[in-house]
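Note that the numbering used here numbers the sequence shown so that position 188 is 189, with each residue one more than the last.
Please read the structure below before turning to the comments.
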Amino acid sequence: MQVTVNGFSMAYSDAGQGPPLLLVHGFPLNRQLWQPQLDGLSEVARVIAPDLRGHGDSQAIPGPYSMDLFADDLNLFLDALGIHEKIVLCGLSMGGYVVFAFYRKYPHRLRGLILTATRAAADTPEGRLARDQMTALAREKGVPAISESMLPKLLAPQAYPNRPDLVEQVRSITLGVSLEGVLGDLAALKDRPDSTPTLAQIDVPTLLLHGADDQIIPLSEAQAMQAGLRGSKLVVLPEAGHLLGLENANVFNEAVRHYLKAGSST
Ligand code: MLT
């Protein structure tokens, strides 16, 4: 499905009925990441997964992008869908950075948060340098080179020899982002603010989900967030790396189901 939001055509999937659960993908990904949640959680929620601008089937418009801009897009997207009740907002990795921006700008729209494979801190100086190198690579060699450089890190190490179908699925997802999207994301990632001060302000029930074998964002980042987030719960998924909802969908969905039933209504 497509809807015009903030001047561009935004693609999304929308499955089930019940309390809205909005899923925000990471870099360099798209809403296909959430297929196991669209399939597995639509009995307990209205599961909505958009492609951010420049990603998947959404329009490939050039930057500048920022986490605030993505948050504005999502706010207008909810209006366009006529969703005025409070939602649970779930973000994976860069999607988590968008969740923090959304929380700062539109807290009245939220009844709960799910932060998955993400961190509160901003990029370190080394991290910012790596963004510049990846930007140069993208400009020179295009999206396939970005896909090749990200693919070996996105899943748990044991997935590469053992789950070739999953590896190919993830390769195909990472090829579904436009060059505009990659460049826009990298600048937005590099310049995103530190969200650590936001942790102390969050006053909605928050679930943290992290893969035990995440090669991109270490588990210690989720533990640090939990320490700063009153009343949050951290679930560590075995057999899972950075794309834990795809890698261990059963445990991921069970944790979300439990949270929706108990946690997010408290
Ligand atoms: C992501 O998965 O969204 C990115 O890898 C996050 C990041 O690089 O900080």
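Quick reminder that beta carbons are idealized off the backbone N, C-alpha and C, glycines included.
Note that this is a predicted model, so its numbers are computed, not measured.
First through last residue of the alpha helix (DSSP H) which encompasses residue i
i: Leu247; result: 245-248
i: Val171; result: 165-175
i: Lys147; result: Before going on, a small fix: residue 147 reads as Ile here, not Lys. Ile147 -> alpha helix (DSSP H) spans 144-155.
i: Pro37; result: 36-41
i: Leu220; result: 220-229
In DSSP terms, what residue i is bridged to
i: Lys234; result: Leu208
i: Met11; result: Val4
i: Gly113; result: Val89
i: Val178; result: His56
DSSP-derived helix/strand/coil call for residue i
i: Val48; result: strand
i: Thr119; result: coil
i: Pro194; result: coil
i: Gly92; result: strand
i: Pro65; result: coil
i: Ala16; result: strand
i: His85; result: coil
i: Leu1; result: No statement about residue 1 is possible, as the shown extent of the chain runs from 2 to 267 and does not include it.
i: Thr1; result: No statement about residue 1 is possible, as the shown extent of the chain runs from 2 to 267 and does not include it.
i: Gln216; result: coil
i: Glu141; result: helix
i: Ala131; result: helix
i: Glu255; result: helix
i: Tyr104; result: helix
i: Ala241; result: coil
i: Pro1; result: Residue 1 lies beyond the residue range present for the chain, which begins at 2 and ends at 267; the question has no answer from this structure.
i: Ala201; result: coil
i: Ala72; result: helix
i: Ala188; result: helix
Expected contact under 8 Å - CB spacing of residue i and residue j to nearest Å
i: Thr125; j: His211; result: With a Cβ gap of about 19 Å, Thr125 and His211 do not count as contacting.
i: Ile84; j: Leu111; result: The Cβ separation is near 12 Å, so there is no contact.
i: Gly64; j: Glu181; result: 7 Å
i: Asp300; j: Met11; result: Past the edges of the chain, shown from 2 to 267, lies residue 300, and the structure says nothing about it.
i: Gln100; j: Leu82; result: Contrary to the premise, residue 100 reads as Val rather than Gln in this sequence. About 18 Å; that fails the 8 Å criterion.
i: Thr119; j: Leu93; result: 7 Å
i: Ile62; j: Tyr13; result: Contact flag wrong, Cβ pair sits at about 16 Å.
i: Ser150; j: Leu138; result: 7 Å
Boundaries (first-last residue) of the beta strand (DSSP E) holding residue i
i: Leu23; result: 21-25
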